[in-house]
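See below for the structure under consideration.
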Amino acid sequence: MLLAAMVAGLNSRVPGLVLEDLQGALGFAHDDGSWLSTAYALGELVAMPFASWFAITFSLRRFHLSMLSGALALAALIPFVRELHLLLALRALQGLFSGALIPLLMMCALRFLPMSLRLHGLALYALTSTFSPNIALWLATLAVDRLADWRWAYWHVIPIGMVAMALVAWGLPKMPTALPRLREADWAGLALGAPGLALLVVGLDQGVRLDWFHSPIITAALLAGTILTALFMACEWRHPAPFIKLQMLQRRNLGLGISVFVLLLLIGGTAVTLPANVLAQLQGFRLEQSSTIGLIVGLPQLLLGSCVAGLLYLRWVDARHIFAAGLACLATACWLGSFITSEWMVAQFVGPEVLYALGLPMTIVPLLFLITSVVQPQEGPYVSGIINLFRALSATLGGAMIGQLSAVRSRFHAEMLLDQAGGWGARLPSDEPHWASLGTTVAQQAGVLASADVYRVFGLLALLLIPVVLNFEYIPAPTTTTHRTPAPSLASSTRAAS
Numbered sequence: 006m007l008l009a010a011m012v013a014g015l016n017s018r019v020p021g022l023v024l025e026d027l028q029g030a031l032g033f034a035h036d037d038g039s040w041l042s043t044a045y046a047l048g049e050l051v052a053m054p055f056a057s058w059f060a061i062t063f064s065l066r067r068f069h070l071s072m073l074s075g076a077l078a079l080a081a082l083i084p085f086v087r088e089l090h091l092l093l094a095l096r097a098l099q100g101l102f103s104g105a106l107i108p109l110l111m112m113c114a115l116r117f118l119p120m121s122l123r124l125h126g127l128a129l130y131a132l133t134s135t136f137s138p139n140i141a142l143w144l145a146t147l148a149v150d151r152l153a154d155w156r157w158a159y160w161h162v163i164p165i166g167m168v169a170m171a172l173v174a175w176g177l178p179k180m181p182t183a184l185p186r187l188r189e190a191d192w193a194g195l196a197l198g199a200p201g202l203a204l205l206v207v208g209l210d211q212g213v214r215l216d217w218f219h220s221p222i223i224t225a226a227l228l229a230g231t232i233l234t235a236l237f238m239a240c241e242w243r244h245p246a247p248f249i250k251l252q253m254l255q256r257r258n259l260g261l262g263i264s265v266f267v268l269l270l271l272i273g274g275t276a277v278t279l280p281a282n283v284l285a286q287l288q289g290f291r292l293e294q295s296s297t298i299g300l301i302v303g304l305p306q307l308l309l310g311s312c313v314a315g316l317l318y319l320r321w322v323d324a325r326h327i328f329a330a331g332l333a334c335l336a337t338a339c340w341l342g343s344f345i346t347s348e349w350m351v352a353q354f355v356g357p358e359v360l361y362a363l364g365l366p367m368t369i370v371p372l373l374f375l376i377t378s379v380v381q382p383q384e385g386p387y388v389s390g391i392i393n394l395f396r397a398l399s400a401t402l403g404g405a406m407i408g409q410l411s412a413v414r415s416r417f418h419a420e421m422l423l424d425q426a427g428g429w430g431a432r433l434p435s436d437e438p439h440w441a442s443l444g445t446t447v448a449q450q451a452g453v454l455a456s457a458d459v460y461r462v463f464g465l466l467a468l469l470l471i472p473v474v475l476n477f478e479y480i481p482a483p484t485t486t487t488h489r490t491p492a493p494s495l496a497s498s499t500r501a502a503s
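Right, here's the structure in full:
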């Protein structure tokens, strides 16, 4: 199931990283091609809050294999589609199939794993936020530069997905369906939530490009999306058999933890994507030349997550203190990144990236422990839907925030630099050769200064989260004593919870 969840993440990240190559191969304009990422993101977000409920209703094993099969079939088909509107529809459907896979991983970790292994299961779930998005840079390089075929940006997940499918078919037990639940479902909430969440993604993902509320499309999408999503939340709150139990957010660690989780993922967005974009802008680097950054952050996660989980089993270790130390690492990484200059290459980013590699598991794994420790195993489907809903939303929100902050600060610094250049230029002859390159130089330096500002903002955010984290309810180290009692089926335990 971990491999399947990684397929979902890679399906999103890798095609997004090579979007320019895809646009060139398919003959799409930049504006048209940008909707490909939006289509996938909206499908992914729509699936998140509902996937666990449907998995229980139609049998976890059958539902998981169906979603994975659909995602892989579309990955094989999409490279042969050339018509934009059909491609957007298929990409949204692929996002829907893939988005259903990630919540099931957390649900199973909470429901099936004994306490002696649960934290390691949560550490594996954390890889969907710390490993897959960062290793995607290297996989994108493999598809475009090494294999020299843009279609591998979609096809690369098929071998991984086939292995995942075989393991799930072999390892997950067959469970009965619970079709009577269909009569009790909050169908009004689904009818409101699906379009509401999709419209929010459209507004956030396209907002920077279309200049936010200066665009009637973005204004309408954000307004309608907010209203529909609020109505969806109201329906879920009042319904006796909801898809997600929002009342659980009243628990201190869960409500506070979800808020911190969203902000933490925003900070994590500066780890790899921002340096790669800076190097592409300043030095003209292709993905192959900056893929080392993704490997520095991504590969250590395969070990560090379980190491942090092992620490949390020690009785003298306070998860809040590890969390705070991880935030300090992220803040330090951002502080080092704020010293960026136009001469920086990959080597100059190594120090900050090492700190990111340490800080990400030291924050996400303790946070998942603090959140899920106030949740009963039979509540796993509900909390999985809530966490992954905000996780997917934060990914889109993070990209929008970094893009908007970079654009605003670039314009500000460009104006300041041009004002200074105008003052100096009054003392220079009109035929000075540097005038010809002034515009390029100003744009480059404004981008550098804007990137430094982005690092400062998110570094400050990491520092501000430290006292918030220390205010979490203390959770002692979990016991590793195992009991030889049979675990009830997922469907029966969830019916008992509802």
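Following the working numbering from start to finish, the sequence shown increments by one per residue and tops out at 503. Even glycine gets a Cβ: it sits at the ideal position worked out from N, Cα and C.
Proximity to glutamine 286 across Gly274, Asp191, Trp143, Ser456 peaks at Ser456, based on C-alpha coordinates. Counting C-beta atoms within 10 angstroms of its own C-beta, valine 459 has 16 or more neighbours from the protein chains shown and is therefore classed as buried. With 16 or more other Cβ atoms from the protein chains shown falling within 10 Å of its own Cβ, arginine 96 counts as buried.
Annotation for asparagine 476: no alpha helix (DSSP H) segment contains it, and DSSP assigns it neither H nor E.
With contacts defined by Cβ atoms closer than 8 Å, phenylalanine 266 and leucine 187 do not form a contacting pair. Going by DSSP, leucine 195 is part of the alpha helix (DSSP H) stretching over 192 to 215. A distance below 8 Å between beta-carbons, with the five flanking residues on each side excluded, links valine 453 to the following residues of its chain, in chain order: Val283, Leu287, Ile345, Thr346, Ser347.
If only complete runs of 4 or more residues are kept, the segment 331 to 384 shows the alpha helix (DSSP H) at 351 to 377, in order along the chain. Taken through DSSP and simplified to helix, strand or coil, phenylalanine 33 comes out as coil.
The three-state secondary structure of methionine 170, taken from DSSP, is helix. For leucine 118, same chain residues with a beta-carbon under 7 Å away, outside a window of 5 residues either side, are Gly126 in chain order. By the Cβ criterion, the segment 29 to 46 is not in contact with the segment 358 to 373, since fewer than three pairs of Cβ atoms, one from each stretch, lie closer than 8 Å. Between the alpha carbons of glutamine 252 and tryptophan 242 lies a distance of about 7 Å. Listed in chain order, the alpha helix (DSSP H) runs fully inside the segment 50 to 120 are 56 to 63, 65 to 82, 89 to 104, 106 to 117, counting runs of at least 4 residues.
A check of alpha carbon separations from leucine 319 across Pro481, Leu110, Leu8 identifies Pro481 as the nearest.
One alpha carbon belongs to leucine 268, the other to alanine 114, and they sit about 24 Å apart. Annotated three-state conformation of serine 134 is helix, per DSSP. A distance below 7 Å between beta-carbons, with the five flanking residues on each side excluded, links glycine 303 to the following residues of its chain, in chain order: Phe136, Asn139, Ile140. Spatial neighbours of leucine 375 in its own chain (CB-CB distance under 8 Å, excluding positions within 5 residues in sequence) are listed in chain order as Asn258, Gly262, Ala324, Arg325, Phe328, Phe477, Glu478, Ile480. The Cβ atoms of methionine 120 and serine 389 do not sit closer than 8 Å to each other. Between leucine 279 and isoleucine 369, the beta carbon gap of about 19 Å keeps them out of contact (Cβ cut-off 8 Å). Between glycine 230 and glycine 201, the CB-CB gap stays under 8 Å. In terms of CA proximity to glutamine 28, Arg87 leads the group Leu70, Ala46, Arg87, Gly75. Here methionine 367 really is in contact with valine 313; their C-beta atoms are around 6 Å apart, less than 8 Å.
With 16 or more other Cβ atoms inside 10 Å of its own Cβ, methionine 11 counts as buried. Asp216 is the residue among Asp216, Thr484, Ile272, Leu271 whose C-alpha sits nearest the C-alpha of glutamine 409.
Leucine 177 is positioned such that its CB atom lies closer than 8 Å to that of histidine 69. Between alanine 76 and phenylalanine 59 a beta carbon distance of about 15 Å is seen, past the 8 Å cut, so the two are scored as non-contacting. For tyrosine 159, the uninterrupted alpha helix (DSSP H) segment begins and ends at 157 to 160. In chain order, Ala13, Ser17, Gly100, Leu101, Ser103, Gly104, Ala397 place their CB closer than 8 Å to the CB of glutamate 49, counting only its own chain and leaving out the 5 sequence neighbours on each side. By the CB criterion at 8 Å, leucine 22 and leucine 41 fall outside the cutoff. If you check the CB distance, alanine 405 and leucine 209 come in under 8 Å.
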